[in-house]
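Participant: One structure follows; several queries about it will come next.
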Amino acid sequence: MRLFALALATVASAIPLTVKVPASEVRCFYGEVFESGTKVGFSYSVQSGGAFDIDFTLKDPNQNVLFERNKESYGEYLFSARHIGEYQFCFSNDMSTFTDKMVEFELNMDSDLKASLPEPVDTANTDSVEHSISVLEERVSVMLRNLQYYKTRNNRNESTVKSTESRIFYFSMFGLSLMVGMGLLQVVIVQLFFQGSRKQLV
84 MRLFALALAT
94 VASAIPLTVK
104 VPASEVRCFY
114 GEVFESGTKV
124 GFSYSVQSGG
134 AFDIDFTLKD
144 PNQNVLFERN
154 KESYGEYLFS
164 ARHIGEYQFC
174 FSNDMSTFTD
184 KMVEFELNMD
194 SDLKASLPEP
204 VDTANTDSVE
214 HSISVLEERV
224 SVMLRNLQYY
234 KTRNNRNEST
244 VKSTESRIFY
254 FSMFGLSLMV
264 GMGLLQVVIV
274 QLFFQGSRKQ
284 LV
């Protein structure tokens with residue numbers, strides 16, 4: 084079932100999204116590629132839910148499976164689109180019966196088309212600027228991937244802390260209830276003991 088569609092133009096684009104994948108359900112997204120050879124990048128990370136893992140499948144317009152991963156919390160893929168049409172990106176949470184998953188993903192595309200520059204052009208200066216921009220773009224991309232990774236780690240650690248706090252709270256309440264119950268039981272035993280002693284004296 085088609086739930087969401089992402090159209091990829093023939094210029095560089097990046098669309099970060101966060102989606103909720105309910106338990107025992109599948110969420111699919113579609114990216115439209117209009118030119119063969121377009122570079123398509125896709126990354127995702129599970130932000131919350133269960134063991135922070137999910138199944139992922141990527142198919143081309145002919146329904147051929149390009150990538151398939153099971154029970155992973157993070158994935159990053161880069162490939163050149165050979166076919167024009169819709170590429171399918173699906174997250175499956177069939178492994179979970181009750182737990183929903185929050186998944187953050189980013190879909191980006193970069194074609195080989197470049198804007199034409201007016202003449203005359205200083206080729207040496209242009210190449211230098213293009214190289215600098217390319218290096219800067221690569222470093223920014225690495226920084227964004229690292230930030231996404233740290234965000235995932237932070238969410239996972241926060242979930243672990245909350246789970247630990249919850250367990251400590253319930254264990255403390257259990258211990259307190261046990262102590263109160265033992266105290267009441269001792270009082271009852273002492274009362275019964277004295278009542279029995281009085282009857283023996285009478």
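Sequential numbering from 84 applies to the sequence shown in my numbering.
Cβ coordinates follow ideal geometry from the N, Cα and C atoms, glycine included.
When you compare only the Cα positions, how much space is there between G266 and G258?
Facilitator: Their backbone Cα atoms lie some 12 Å apart in a straight line.
Participant: Which residues does DSSP list as the beta-bridge partners of K142?
Facilitator: Answer by DSSP bridge pairing, in chain order: V148, Q171.
Participant: Counting C-beta neighbours from all protein chains within 10 Å, is the total for K234 16 or more, i.e. buried, or is it exposed?
Facilitator: Exposed, by the Cβ-count rule.
Participant: Thinking E221 and S128 are a contact (beta carbons under 8 Å), I'd like their distance in whole angstroms, please.
Facilitator: Actually they do not touch by this definition, with Cβ atoms about 20 Å apart.
Participant: Taking 7 Å as the cut-off, decide whether the C-beta atoms of S131 and M185 are in contact.
Facilitator: Yes, the Cβ-Cβ distance between S131 and M185 is below 7 Å.
Participant: Taking the beta carbon of V270 as the centre, do at least 16 other beta carbons fall within 10 Å, making it buried, or is it exposed?
Facilitator: V270 comes out exposed.
Participant: In this structure, does DSSP put R228 in helix, strand or coil?
Facilitator: Helix.
Participant: Nearest to E151 by CA position, among V123, D138, L161, is which residue?
Facilitator: The residue with the shortest Cα to Cα distance from E151 is D138.
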